[in-house]
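Following: one structure in C-alpha coordinates, then a few remarks.
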(Lines of atoms letter the chains of each structure in order from A and count residues from 1; the text may use other names and numbers.)
(Lines give C-alpha, C1' and ligand atoms only; values in the text may rest on other atoms or scores of the structure.)
Protein backbone atom coordinates (compact mmCIF):
# COMPACT_ATOMS: atom_id res chain seq x y z
CA UNK A 1 0.00 0.00 0.00
CA UNK A 2 1.49 3.38 -1.00
CA UNK A 3 0.49 7.03 -0.65
CA UNK A 4 1.73 9.25 -3.47
CA UNK A 5 1.24 12.97 -3.73
CA UNK A 6 0.49 13.77 -7.38
CA UNK A 7 1.09 17.29 -8.62
CA UNK A 8 1.79 19.08 -11.88
CA UNK A 9 5.53 18.49 -11.59
CA UNK A 10 5.31 14.76 -10.91
CA UNK A 11 4.75 12.66 -7.83
CA UNK A 12 6.22 12.29 -4.36
CA UNK A 13 6.10 9.09 -2.33
CA UNK A 14 4.70 10.05 1.08
CA UNK A 15 4.49 6.73 2.89
CA UNK A 16 3.90 2.99 2.57
CA UNK A 17 1.96 0.52 4.67
CA UNK A 18 2.24 -3.27 4.47
CA UNK A 19 -0.75 -5.58 4.67
CA UNK A 20 -0.71 -7.52 7.89
CA UNK A 21 -1.45 -11.26 7.91
CA UNK A 22 -5.15 -11.96 7.56
CA UNK A 23 -6.26 -8.40 6.82
CA UNK A 24 -7.66 -6.77 3.69
CA UNK A 25 -6.37 -3.75 1.78
CA UNK A 26 -8.94 -1.42 3.32
CA UNK A 27 -7.51 -2.01 6.81
CA UNK A 28 -4.00 -1.15 5.60
CA UNK A 29 -5.31 1.80 3.56
CA UNK A 30 -7.12 3.12 6.62
CA UNK A 31 -3.94 3.08 8.72
CA UNK A 32 -1.98 4.66 5.88
CA UNK A 33 -4.57 7.37 5.25
CA UNK A 34 -4.86 8.29 8.93
CA UNK A 35 -1.09 8.51 9.29
CA UNK A 36 -0.55 10.52 6.07
CA UNK A 37 -3.50 12.84 6.75
CA UNK A 38 -2.13 13.46 10.26
CA UNK A 39 1.43 14.14 9.08
CA UNK A 40 0.50 16.20 6.02
CA UNK A 41 -2.90 17.72 6.83
CA UNK A 42 -2.75 20.38 4.10
CA UNK A 43 -0.72 18.55 1.46
CA UNK A 44 -3.68 17.04 -0.37
CA UNK A 45 -7.44 17.27 -0.58
CA UNK A 46 -8.37 14.24 -2.69
CA UNK A 47 -7.76 10.51 -2.28
CA UNK A 48 -7.95 8.43 -5.45
CA UNK A 49 -8.10 4.67 -5.84
CA UNK A 50 -9.40 1.71 -7.75
CA UNK A 51 -12.85 0.16 -7.20
CA UNK A 52 -11.82 -1.47 -3.94
CA UNK A 53 -11.53 1.97 -2.32
CA UNK A 54 -15.14 2.87 -3.01
CA UNK A 55 -15.76 1.19 0.33
CA UNK A 56 -18.26 2.96 2.60
CA UNK A 57 -16.09 2.89 5.74
CA UNK A 58 -13.03 4.20 3.92
CA UNK A 59 -15.02 6.89 2.08
CA UNK A 60 -16.67 8.03 5.33
CA UNK A 61 -13.22 8.30 6.96
CA UNK A 62 -11.90 10.45 4.10
CA UNK A 63 -15.05 12.59 4.20
CA UNK A 64 -14.86 13.02 7.99
CA UNK A 65 -11.32 14.44 7.58
CA UNK A 66 -12.79 17.08 5.25
CA UNK A 67 -11.23 15.56 2.15
CA UNK A 68 -12.56 14.16 -1.09
CA UNK A 69 -12.47 10.68 -2.54
CA UNK A 70 -12.69 9.46 -6.09
CA UNK A 71 -12.64 5.79 -7.03
CA UNK A 72 -13.47 3.60 -9.97
CA UNK A 73 -17.10 2.51 -9.86
CA UNK A 74 -17.78 -1.10 -10.81
CA UNK A 75 -20.55 -3.60 -10.24
CA UNK A 76 -19.49 -4.16 -6.63
CA UNK A 77 -21.74 -1.14 -5.96
CA UNK A 78 -24.50 -2.53 -8.14
CA UNK A 79 -27.38 -0.31 -6.97
CA UNK A 80 -25.33 2.82 -7.57
CA UNK A 81 -24.26 1.57 -11.02
CA UNK A 82 -27.84 0.67 -12.02
CA UNK A 83 -29.18 4.00 -10.76
CA UNK A 84 -26.51 6.01 -12.60
CA UNK A 85 -26.93 4.02 -15.83
CA UNK A 86 -30.68 4.69 -15.76
CA UNK A 87 -29.99 8.45 -15.59
CA UNK A 88 -27.21 8.77 -18.20
CA UNK A 89 -29.63 8.69 -21.19
CA UNK A 90 -31.49 11.66 -19.70
CA UNK A 91 -28.36 13.70 -19.01
CA UNK A 92 -26.57 15.72 -21.68
CA UNK A 93 -23.01 14.65 -22.36
CA UNK A 94 -20.03 16.96 -22.22
CA UNK A 95 -17.53 16.39 -25.05
CA UNK A 96 -13.87 17.32 -25.37
CA UNK A 97 -10.61 16.12 -26.85
CA UNK A 98 -7.55 15.17 -24.82
CA UNK A 99 -4.66 14.69 -27.23
CA UNK A 100 -5.87 12.06 -29.72
CA UNK A 101 -8.65 10.86 -27.42
CA UNK A 102 -12.27 11.94 -27.89
CA UNK A 103 -14.08 11.99 -24.56
CA UNK A 104 -17.79 12.04 -23.88
CA UNK A 105 -18.82 12.33 -20.22
CA UNK A 106 -22.01 12.22 -18.19
CA UNK A 107 -22.14 13.65 -14.69
CA UNK A 108 -24.84 12.67 -12.19
CA UNK A 109 -24.73 14.42 -8.79
CA UNK A 110 -26.56 13.60 -5.57
CA UNK A 111 -27.23 9.89 -6.04
CA UNK A 112 -28.60 8.32 -2.87
CA UNK A 113 -28.53 4.65 -3.84
CA UNK A 114 -25.42 3.94 -1.80
CA UNK A 115 -26.94 4.00 1.69
CA UNK A 116 -23.91 2.28 3.22
CA UNK A 117 -21.97 5.53 2.74
CA UNK A 118 -24.79 7.61 4.21
CA UNK A 119 -24.51 10.66 1.94
CA UNK A 120 -25.29 11.46 -1.69
CA UNK A 121 -22.48 10.73 -4.15
CA UNK A 122 -21.66 11.88 -7.64
CA UNK A 123 -21.08 9.49 -10.52
CA UNK A 124 -19.16 10.46 -13.64
CA UNK A 125 -19.04 8.19 -16.69
CA UNK A 126 -16.72 8.67 -19.63
CA UNK A 127 -16.64 7.01 -23.04
CA UNK A 128 -13.21 7.49 -24.54
CA UNK A 129 -12.30 6.79 -28.13
CA UNK A 130 -8.74 6.87 -29.40
CA UNK A 131 -7.04 5.67 -32.59
CA UNK A 132 -4.97 2.49 -32.49
CA UNK A 133 -2.81 0.92 -35.17
CA UNK A 134 -3.29 -2.82 -35.32
CA UNK A 135 0.07 -4.52 -35.03
CA UNK A 136 -0.63 -7.36 -37.41
CA UNK A 137 -2.55 -5.56 -40.16
CA UNK A 138 -1.17 -2.02 -39.62
CA UNK A 139 -4.73 -0.74 -40.02
CA UNK A 140 -5.80 2.22 -37.93
CA UNK A 141 -8.98 1.66 -35.99
CA UNK A 142 -10.74 3.13 -33.01
CA UNK A 143 -10.62 1.69 -29.53
CA UNK A 144 -13.28 2.60 -27.00
CA UNK A 145 -13.12 2.46 -23.23
CA UNK A 146 -15.82 3.16 -20.67
CA UNK A 147 -15.04 4.39 -17.16
CA UNK A 148 -17.18 5.30 -14.18
CA UNK A 149 -16.12 6.95 -10.95
CA UNK A 150 -17.85 7.61 -7.65
CA UNK A 151 -16.86 10.75 -5.76
CA UNK A 152 -17.92 13.21 -3.11
CA UNK A 153 -16.37 16.15 -4.99
CA UNK A 154 -19.17 18.65 -5.71
CA UNK A 155 -19.76 19.67 -9.32
CA UNK A 156 -19.02 23.28 -8.41
CA UNK A 157 -15.50 22.30 -7.25
CA UNK A 158 -14.56 20.12 -10.23
CA UNK A 159 -16.25 19.81 -13.63
CA UNK A 160 -16.48 16.46 -15.41
CA UNK A 161 -13.14 17.01 -17.17
CA UNK A 162 -11.32 17.28 -13.84
CA UNK A 163 -13.05 14.18 -12.43
CA UNK A 164 -12.00 12.17 -15.49
CA UNK A 165 -8.42 13.43 -15.16
CA UNK A 166 -8.33 12.69 -11.41
CA UNK A 167 -9.88 9.27 -12.00
CA UNK A 168 -7.19 8.37 -14.50
CA UNK A 169 -4.53 9.86 -12.23
CA UNK A 170 -4.65 6.78 -10.05
CA UNK A 171 -2.74 4.95 -12.82
CA UNK A 172 0.23 7.18 -11.99
CA UNK A 173 0.32 5.47 -8.62
CA UNK A 174 0.47 2.06 -10.23
CA UNK A 175 2.75 2.95 -13.14
CA UNK A 176 5.25 5.35 -11.55
CA UNK A 177 4.70 4.91 -7.82
CA UNK A 178 5.22 1.20 -7.57
CA UNK A 179 8.18 1.39 -9.94
CA UNK A 180 9.74 3.97 -7.62
CA UNK A 181 9.21 1.73 -4.60
CA UNK A 182 10.82 -1.21 -6.40
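Numbering (the working numbering), first residue to last: 11 to 192. Backbone N, C-alpha and C define an ideal beta-carbon position, used for all residues, glycine too.
For residue 100, count neighbouring Cβ atoms within 10 angstroms of its own Cβ and tell me buried if that reaches 16, exposed if not. The count along the chain shown starts at 1 and reaches residue 100 at position 90. Result: exposed.
Ends of the alpha helix (DSSP H) at residue 36? In the chain shown, the residue the question calls residue 36 occupies position 26. Following the DSSP letters along the chain, one finds residue 36 inside the alpha helix (DSSP H) bounded by residues 35-49.
At what residues does the beta strand (DSSP E) containing residue 79 begin and finish? Along the chain shown, read from residue 1 onward, the residue named residue 79 stands at position 69. First-last of the beta strand (DSSP E) with residue 79: 78-82.
Identify, in the order they occur along the chain, each residue of the same chain with its Cβ nearer than 7 Å to the Cβ of residue 110, setting aside the five sequence neighbours on each side. Residue numbering aside, residue 110 sits at position 100 when the chain shown is read from its first letter. Cβ within range, chain order: 140 and 141.
Neighbourhood of residue 155 by C-beta distance below 7 Å, restricted to the same chain and skipping five residues each side: The sequence position of residue 155 within the chain shown is 145, counting from 1. If we look at residue 155 and ignore the five residues flanking it on each side, its Cβ neighbours are 138.
CB residue 171 to CB residue 132, shorter than 8 Å? Here the question's residue 171 lines up with position 161 in the chain shown. Here the question's residue 132 lines up with position 122 in the chain shown. At the C-beta level, residue 171 and residue 132 stay beyond 8 Å of one another.
At 4 residues or longer, and completely inside the stretch 62-132: list those alpha helix (DSSP H) runs for me, N to C. 66-74 and 88-97
Cβ atoms of residue 159 and residue 81: under 8 Å apart, would you say? Your numbering for residue 81 matches position 71 in the chain shown. Your numbering for residue 159 matches position 149 in the chain shown. In contact: residue 81 and residue 159 (Cβ atoms closer than 8 Å).
May I ask you to report which of helix, strand or coil DSSP gives residue 143? For the purposes of this step, residue 143 is identified with residue 133 of the chain shown, where counting begins at 1. In this structure, residue 143 counts as strand in the three-state DSSP scheme.
Could you check what DSSP says for residue 177 in three-state terms: helix, strand or coil? To locate residue 177, count along the chain shown from 1; it is residue 167. Note: residue 177 maps to helix in three-state DSSP.
Whether residue 179 touches residue 16 by CB criterion (8 Å): Here residue 179 is taken as the residue at index 169 of the chain shown, counted from 1. Here residue 16 is taken as the residue at index 6 of the chain shown, counted from 1. Against a cut-off of 8 Å, the Cβ pair of residue 16 and residue 179 comes out as a contact.
Neighbourhood of residue 119 by C-beta distance below 8 Å, restricted to the same chain and skipping five residues each side: What you label residue 119 is simply residue 109 of the chain shown in a count that begins at 1. Contacts found: 130, 132, 164 and 165.
Starting from residue 158 and walking both ways along the beta strand (DSSP E), at which residues does that stretch end? Position 148 of the chain shown holds residue 158. Element bounds for residue 158: 150-161.
How many Å lie between residue 68 and residue 85 at the Cα? Within the chain shown, the letter at position 58 stands for residue 68. Within the chain shown, the letter at position 75 stands for residue 85. For residue 68 and residue 85, the distance between alpha carbons rounds to 18 Å.
For residue 21, report the span of its beta strand (DSSP E) as first-last. Counting from 1 along the chain shown, the entry for residue 21 is found at position 11. Looking at the DSSP string, the run of the beta strand (DSSP E) that includes residue 21 is 20-26.
First and last residue of the beta strand (DSSP E) that includes residue 59? Within the chain shown, residue 59 is the residue found at index 49, counting from 1. Counting along the chain, residue 59 sits inside the beta strand (DSSP E) bounded by residues 56-59.
Opening and closing residue of the beta strand (DSSP E) in which residue 168 lies: Position 158 of the chain shown holds residue 168. Careful: residue 168 lies outside any beta strand (DSSP E) and carries neither H nor E.
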